[in-house]
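Worksheet: the structure to be examined is printed underneath.
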Amino acid sequence: IILLSACKQDNKDVFFTNHPQLETLKNAYDEAPDATKANELLRALHSVLGSGVIEDGQMISFLEYGYEVATDQNMTSRRANFLFPLIKEDFENSNNADRIFELYGIMKKMKKDNVAIVLGHGLKRAYPSYDKLSEIDISLPEGIENIDAYIMDLGTRIFDNPDKTGINRASSLKYVDACEAYALVFPKSESTPEYLFKAAEVAKSLRTFPKSLSLYDWIIDGYPAYEKTATALFLKGFIIENNLGDEEKAREVYNEFLQKYPDHELADDIAFLIENLGKSDEEILELIEQRSQQAKQEELQ
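The letter at position 141 of the sequence shown is residue 1602 when you use my numbering, and the numbering goes up by one with no holes.
Okay, structure coming up:
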């Protein structure tokens, strides 16, 4: 109890020094810890987490605190929302197997069976000595032994009964979720960045652009040596420019690309995009035509 109290005091010091809004909401929640105040606090915490202004070394503490509040209030989906990134950000934690097992149970409860299957089999493969594997064996469906084959099968179903986007939305969402679950359990697998890249492409086809961006960021931050990481960075900028309409943010991403990959085959194209940010498609096509004509004249000379 003394240790828990000390941890909570440390959490307060970590969390709220530079976030007065969170301190106000936490105080209100401490005085009356009901679901309404918990939701307000957790929404604000999510906002801070997504803002990118968290101080160095505080991400894990923020996620642990959010998970603690969501657990106290028995908020199943919110628990998952904090637990998933907590596992990702703190994978070396000695309690990681317990966290994955906990997430497995939450996914079963939320009826996200495809995610639970990947987490369950992944837990068995990654932690063969884990003491709760017998509980997983009881609840996993029969006939699935190879996770990679299972995910590949989900991938083939993307094109069954396609809608106007050219793919099946329900099957596509299951595939994206399964790829994320694989990356969560096996962050060091050679297959992981490829699964994340494919999932990002599917999410882009579904026009779920925030999901695509989060997956591209996962690749960019976690797998700098992956052969498609540069492409992921370019596609991130392209989505921000063309689908989200944030030209200044796109410019930042494109410039980051040129700094990291000045000799990449896409570098000239990205320099052209930077030069013409904000111009209409017609203006850009006209410029491309002018460049083409100029190139032909130079060849004749």
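C-beta atoms are modelled at their ideal positions from N, C-alpha and C, and glycine is treated no differently.
The model shown is predicted, which means the values in this text are computed figures rather than measured ones.
Residue range of the alpha helix (DSSP H) that includes residue i
i: His-1725; result: Per DSSP, His-1725 belongs to no alpha helix (DSSP H) and is neither H nor E.
i: Ile-1605; result: Unbroken run through Ile-1605: none, as it is neither H nor E.
i: Asn-1575; result: 1574–1587
i: His-1507; result: 1496–1512
i: Thr-1537; result: 1537–1550
i: Gly-1566; result: 1557–1570
i: Asp-1491; result: 1481–1492
i: Asn-1703; result: 1690–1703
i: Ala-1664; result: 1653–1666
i: Leu-1524; result: 1520–1533
i: Ala-1642; result: 1630–1646
i: Asp-1678; result: 1670–1683
Status (buried if at least 16 other CB within 10 Å, exposed otherwise) for residue i
i: Lys-1570; result: exposed
i: Lys-1469; result: Because the pLDDT at Lys-1469 is just 43, under 50, the model does not fix this residue reliably, and the point stays unresolved.
i: Ala-1763; result: Absent from the model: residue 1763. The displayed extent of the chain is 1462 to 1762, so no value can be given.
i: Glu-1747; result: exposed
i: Leu-1464; result: Bear in mind that a pLDDT of 35 at Leu-1464, under 50, signals an unreliable position, so the number given afterwards is only what the model happens to contain. Answer is exposed; the Cβ neighbour count stays below 16.
i: Glu-1513; result: Strictly speaking, residue 1513 in this sequence is Gly, with Glu absent from that position. By the 10 Å Cβ count, Gly-1513 comes out exposed.
i: Ser-1673; result: buried
i: Gln-1534; result: buried
i: Asp-1471; result: With a pLDDT of 46 at Asp-1471, under the threshold of 50, the predicted position of this residue should be treated as unreliable, though the coordinate-derived value follows. Classification for Asp-1471: exposed.
i: Lys-1740; result: exposed
i: Ile-1612; result: buried
i: Ile-1539; result: According to the sequence as given, residue 1539 is Arg; it is not Ile. With 16 or more other Cβ atoms within 10 Å, it is buried.
i: Lys-1649; result: exposed
i: Lys-1721; result: exposed
i: Lys-1625; result: exposed
i: Glu-1688; result: exposed
i: Glu-1603; result: exposed
i: Glu-1773; result: Outside the displayed range of the chain (1462 to 1762) lies residue 1773, so it cannot be described from this structure.
i: Glu-1750; result: exposed
i: Ala-1610; result: exposed
i: Glu-1702; result: buried
Cβ distance (whole Å) where residue i is taken to contact residue j below 8 Å
i: Lys-1643; j: Tyr-1656; result: A small correction: the amino acid at residue 1643 is Tyr; Lys does not occupy that position in the sequence shown. Going by Cβ atoms, the distance from Tyr-1643 to Tyr-1656 rounds to 5 Å, so yes, they are a contact pair.
i: Ile-1521; j: Leu-1547; result: 7 Å
i: Asn-1575; j: Lys-1635; result: 5 Å
i: Tyr-1715; j: Ile-1700; result: Not quite, the Cβ-Cβ distance comes to about 12 Å (not below 8 Å), so this is no contact.
i: Ala-1531; j: Ile-1567; result: Not really, about 10 Å apart at Cβ, beyond 8 Å.
i: Gly-1627; j: Ser-1666; result: 7 Å
i: Met-1536; j: Ala-1499; result: 7 Å
i: Leu-1483; j: Leu-1506; result: 6 Å
i: Tyr-1591; j: Leu-1584; result: 6 Å
i: Ala-1691; j: Phe-1718; result: 7 Å
i: Leu-1594; j: Glu-1563; result: The Cβ separation is near 14 Å, so there is no contact.
Proximity to residue i [Cα-Cα], best of the options
i: Val-1663; options: Phe-1620, Lys-1689, Lys-1573 and Phe-1552; result: Phe-1620
i: Ile-1561; options: Leu-1486, Lys-1721, Leu-1645 and Asp-1624; result: Leu-1645
i: Leu-1615; options: Ser-1632, Ile-1628 and Ala-1661; result: Ser-1632
i: Pro-1685; options: Glu-1708, Thr-1653 and Ile-1628; result: Thr-1653
i: Val-1579; options: Tyr-1490, His-1725 and Phe-1647; result: Phe-1647
i: Lys-1572; options: Ile-1608, Leu-1510 and Asp-1638; result: Asp-1638
i: Lys-1659; options: Ser-1650, Glu-1596, Thr-1478 and Ile-1680; result: Ile-1680
i: Tyr-1526; options: Lys-1593, Ile-1608 and Tyr-1490; result: Tyr-1490
i: Asn-1479; options: Glu-1516, Lys-1710 and Tyr-1528; result: Glu-1516
i: Ile-1597; options: Thr-1485, Glu-1709 and Ala-1558; result: Ala-1558
i: Asn-1704; options: Leu-1734, His-1725 and Phe-1670; result: Phe-1670
i: Tyr-1565; options: Glu-1550, Gly-1581, Asp-1551 and Asn-1629; result: Gly-1581
i: Glu-1713; options: Asp-1724, Leu-1738 and Glu-1726; result: Leu-1738
i: Glu-1708; options: Pro-1723, Ala-1728 and Glu-1736; result: Glu-1736
i: Glu-1550; options: Glu-1529, Ala-1577 and Gly-1518; result: Gly-1518
i: Asn-1607; options: Ala-1728, Glu-1651 and Arg-1586; result: Arg-1586
i: Asp-1729; options: Gln-1751, Lys-1710 and Phe-1695; result: Phe-1695
i: Gly-1683; options: Glu-1651, Arg-1668 and Ala-1711; result: Glu-1651
i: Ala-1577; options: Pro-1589, Asn-1556 and Ile-1599; result: Ile-1599
Beta carbon proximity, residue i to chain C, threshold 8 Å
i: Glu-1736; result: In the structure shown, chain C cannot be found, because there is only a single protein chain.
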